[in-house]
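S.K.: Residues 0 to 249 (numbering that gives the first Met the number 0) are what the sequence shown spells out, left to right.
Quick reminder that beta carbons are idealized off the backbone N, C-alpha and C, glycines included.
Okay, here's the structure, questions in a sec.
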Amino acid sequence: MKRFLIGFAFCFLQLAAFSFCSGDEPMPAHFTEWKAETIVDKSEIDRTGLDAWFKSEEISDDVFDRMWLKSWKEDCPLDRSDLRYLKVLHRNADGLPQCGEMVVNTAIADKVLGIFRQLYEAGYRIERMALIDNYGADDETSMRANNSSSFNFRFMTGSTTKISKHGLGLAIDINALYNPYVKRKSDGTWHIEPATAEPYAFDRESRTDIPYKIDHDDLAYKLFTEAGFEWGGDWTSLKDYQHFEINLSL
């Protein structure tokens, strides 16, 4: 009986190890319960290799449950297969490796994954990267937290038929608080999103006191535009400094 129990325990551990790993590549422990903003010890990254920390996956039931009636609305015309869940590492405000997550369109998943890997390897800082569903899919709340995100199904402002780039998973916002949306209204006043970002909205070209500032010298700008994305900071009717989008026929 004792020998049987020992054998059973050994088999159980082998099965657990098999489910824990993929091929010959050791998988990091955090992959079993990936959670944005989890700080990762460098020794764990060294043990597994960096490839294990950058993954594009189908939308699982658990992820879809988080998105349901938040970033994913009932009138969303996309299928789950049209989207991918990205797991990435990024450098947080203190420069430490941190888990990030993002849902993007399947058509750009590999491209975006590669960009985030290059940003990580360059030490580029992104304060946090969590699904917007953690903020009730509310853009203002997410931006105030300086969150970086992508998919959030919605129509363009003033339209009930034209889906926004974020609604297609084809737009990405980076360090949103410090790179706000800025538009001059007809009465001469300014509309700024998030509303708390006014200190970072003006005279940006000459300023060096804005953390996480995206401009033409910024690495995120260079990598995204080289990959075919358009930067909202180059627009003339308004500025959306956090925003990168790509035009694709889906």
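Per DSSP, Phe154 is paired with what?
M.R.: Answer is Ile162.
S.K.: Quick check on the burial criterion: 16 or more other C-beta atoms within 10 angstroms. Buried or exposed for Ala170?
M.R.: Buried, by the Cβ-count rule.
S.K.: Can you give me the Cβ contacts of Ser163 inside the same chain, cut-off strictly under 6 Å, excluding the 5 residues immediately before and after it?
M.R.: Here the set comprises Arg153, Met155.
S.K.: Answer yes or no: do Tyr123 and Ala219 have a C-beta to C-beta separation smaller than 8 Å?
M.R.: For Tyr123 and Ala219, yes; Cβs fall inside 8 Å.
S.K.: Let's see if you can read the secondary structure: which residues bound the alpha helix (DSSP H) around Leu218?
M.R.: Per DSSP, Leu218 belongs to the alpha helix (DSSP H) from 218-225.
S.K.: If we ignore side chains and look at the alpha-carbon of each, how far apart do Thr224 and Ser59 end up?
M.R.: Taking the straight line from one Cα to the other gives about 30 Å.
S.K.: Contact defined as beta carbons within less than 8 Å: I believe Asp173 pairs with Ile209. What is the distance between those atoms, to the nearest angstrom?
M.R.: In the sequence under discussion, the amino acid at residue 173 is Ile, which differs from the Asp named in the question. Not really, about 13 Å apart at Cβ, beyond 8 Å.
S.K.: Please report the Cβ distance between Leu68 and Thr105, rounded to the nearest whole angstrom; I am assuming they are in contact, meaning their Cβ atoms lie under 8 Å.
M.R.: That pair is no contact at about 22 Å.
S.K.: Please list, in chain order, all residues of the same chain as Ile191 whose beta carbon is under 6 Å from its beta carbon, the five residues on each side excluded.
M.R.: Cβ within range, chain order: Pro179, Val181, Glu197, Ala200.
S.K.: In terms of DSSP beta bridges, what is Asn104 paired with?
M.R.: Asn104 pairs with Leu82.
S.K.: Could you give the distance in angstroms between the alpha-carbon of Phe228 and the alpha-carbon of Leu130?
M.R.: Spanning the two alpha carbons is a distance of roughly 21 Å.
S.K.: Roughly how many angstroms lie between the CA atoms of Asp186 and Trp230, to the nearest whole one?
M.R.: Straight-line Cα distance between these residues: approximately 26 Å.
S.K.: Looking at the strands, I want to know which residues DSSP matches up with Tyr134.
M.R.: Beta-bridge pairing links Tyr134 to no other residue.
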